[in-house]
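*Asks:*
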Amino acid sequence: MIVTRFAPSPTGYLHLGHAFAALTAQEAAAGGRFLLRIEDLDATRAREEYVRAIIEDLRWLGLEWHGPVLRQSARLAIYRAALDRLAAQELLYPCFCTRAEIAAEIARAAEAHHGPDGPLYPGTCRSLSPNDRATALSSGAPYALRLDSGRAASRLSGLSFEERGEGSGFRPIAVDPLLFGDIVMARKETPASYHLAVVVDDAEQGVTLVTRGVDLLAATHAQRVLQTLLGLPAPRYAHHRLILDEAGRKLSKRDASATLGSSRQQGATAREIRMALAIP
Ligand code: GLU
């Protein structure tokens, strides 16, 4: 049985791009299970008002999901346990750098390595001496936990994931475990990173096929690494095209005019939205 999910972050109203993602996920389940997960770990941006609007918009589109909605904010202890498993493998280190310090360090470096989200963390705190690390920890300074990706990579070989894109056949894509550098796994205001929470939840919800926008294709490299380190099963993947605005830009949550709510207020029907997205 195929199990898919739609996993929006409630940091704004849904727009046509989300409608496409949600309908694609439901269709890809092909009579199996379609699940809904609210990715509300970023307490500085997530709002209840958006959660309510998301559920209302999805129902209006005619979507039905299997079982209760999973809320990431209710699962912090579970993510903590996953962090502990990584820590037990000596794959995490505390990073005390501020964003400004990281930017300055990158500017100083002769050549900065770039990843899909921009320049990679230069690894400053990875090489702190045990003494300096202990002093910083006891000072109470806030810190993030980062994955030592080099160490992780040295323990993994030949990793890949199965990608279908919008076609019908799956093909393996080789994983680059260093693609995102030493990614943040947790920080004070976000106790589990997006990557960590996603792999833990996809496994727990029994997701067999992850469908999502192609802008998250690169993220799959980091997620496959974490699945392997945590001993979680690997779903298959089908990354789909993004819905663009007239100027060819990706729709954004800041773009109020493109929300499903505003289309509805202007009299659009769910059928028209599906037709505009070419989804039966
Ligand atoms: N919550 C993510 C987003 O809204 C999607 C996560 C995923 O599908 O893996 O962009």
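Every position in the sequence shown, counted from 1, becomes a number in our numbering once 853 is added.
Every residue gets a Cβ at the ideal spot worked out from N, C-alpha and C, and that includes glycine.
Would leucine 1000 and leucine 936 qualify as a contact pair, given that the criterion is a beta-carbon distance under 8 Å?
*Replies:* no
*Asks:* In chain order, what residues have a CB nearer than 6 Å to some heavy atom of ligand 1?
*Replies:* Ala860, Pro861, Ser862, Glu892, Val1051, Arg1065, Leu1069
*Asks:* Taking the alpha-carbon positions, what's the valine 856 to valine 904 distance?
*Replies:* 22 Å
*Asks:* Considering only the alpha carbon of each residue, which of Ala1121, Val1053, Ser1116, Gln1080 lies closest to alanine 930?
*Replies:* Val1053
*Asks:* Once the 5 residues before and after leucine 1095 are set aside, which same chain residues still bring their CB inside 7 Å of it?
*Replies:* Gly870, Gly1066, Val1067, Asp1068, Lys1103
*Asks:* Please list the segments of the beta strand (DSSP E) lying wholly inside the segment 856 to 917, counting only runs of 3 or more residues, in order along the chain.
*Replies:* Runs of the beta strand (DSSP E) lying entirely within the segment 856 to 917 and spanning at least 3 residues, in chain order: 856 to 859, 886 to 891.
*Asks:* Does the Cβ-Cβ distance between threonine 877 and threonine 1043 come in under 8 Å?
*Replies:* no
*Asks:* Comparing C-alpha positions only, which one of Phe949, Gly971, Cys948 sits nearest to isoleucine 959?
*Replies:* Taking only the C-alpha atoms, the option nearest isoleucine 959 is Gly971.
*Asks:* For alanine 1091, does the count of other Cβ atoms within 10 angstroms reach 16, so buried, or fall short, so exposed?
*Replies:* buried
*Asks:* Grouping DSSP H, G and I as helix and E and B as strand, with all else coil, what is histidine 919?
*Replies:* Coil at histidine 919, not helix or strand.
*Asks:* If contact is defined by three or more beta carbon pairs under 8 Å, each pair taking one atom from either stretch, is the segment 1003 to 1023 in contact with the segment 1079 to 1093?
*Replies:* yes
*Asks:* Can you grab the Cα-Cα spacing for the pair valine 1051 / alanine 957, in whole Å?
*Replies:* Using only the alpha carbons, I get a separation of about 31 Å.
*Asks:* Give me, in chain order, the residues of the same chain whose beta-carbon lies closer than 6 Å to that of methionine 854; leave out the 5 immediate sequence neighbours on both sides.
*Replies:* Closer than 6 Å at Cβ, skipping near neighbours: Gly885.
*Asks:* For the structure I just gave you, are there three or more beta carbon pairs, one from the segment 1026 to 1042 and one from the segment 972 to 979, closer than 8 Å?
*Replies:* yes
*Asks:* With DSSP run on the structure shown, which of helix, strand or coil describes cysteine 948?
*Replies:* strand
*Asks:* Can you tell me whether glycine 865 is buried or exposed, with buried defined as 16 or more other CB within 10 angstroms of its CB?
*Replies:* buried
*Asks:* CB-CB under 6 Å to glycine 1114, same chain, minus the five flanking residues each way: which ones, in chain order?
*Replies:* Tyr866
*Asks:* CA-CA distance, glutamate 880 and leucine 1062?
*Replies:* 12 Å
*Asks:* Please report how far the alpha carbon of glycine 1022 lies from the alpha carbon of alanine 883, in whole angstroms.
*Replies:* 15 Å
*Asks:* Beta-carbon within less than 6 Å of leucine 923's beta-carbon, same chain only, minus the 5 sequence neighbours each way: which residues are those?
*Replies:* Arg890
*Asks:* Going by other Cβ atoms of all chains shown within 10 Å of its Cβ, with 16 needed for buried, is threonine 1073 buried or exposed?
*Replies:* buried
*Asks:* Kindly indicate the opening and closing residues of the beta strand (DSSP E) around proline 983.
*Replies:* In the DSSP assignment, proline 983 falls outside any beta strand (DSSP E) and within the unbroken alpha helix (DSSP H) covering 983 to 991.
*Asks:* If you compare alpha carbons, which of Glu917, Arg928, Leu945, Thr897 is closest to serine 1082?
*Replies:* Note that residue 1082 is leucine in the sequence shown, not serine. Ranking the options by Cα distance to leucine 1082, first place goes to Leu945.
*Asks:* Kindly indicate the opening and closing residues of the beta strand (DSSP E) around methionine 1038.
*Replies:* 1037 to 1039
*Asks:* Taking only runs of the beta strand (DSSP E) that begin and end inside the segment 992 to 1076, which ones reach a length of at least 3 residues, in chain order?
*Replies:* 997 to 1000, 1013 to 1016, 1024 to 1027, 1037 to 1039, 1062 to 1066
*Asks:* Leucine 1049 and leucine 1097 - do their beta-carbons sit closer together than 8 Å?
*Replies:* no
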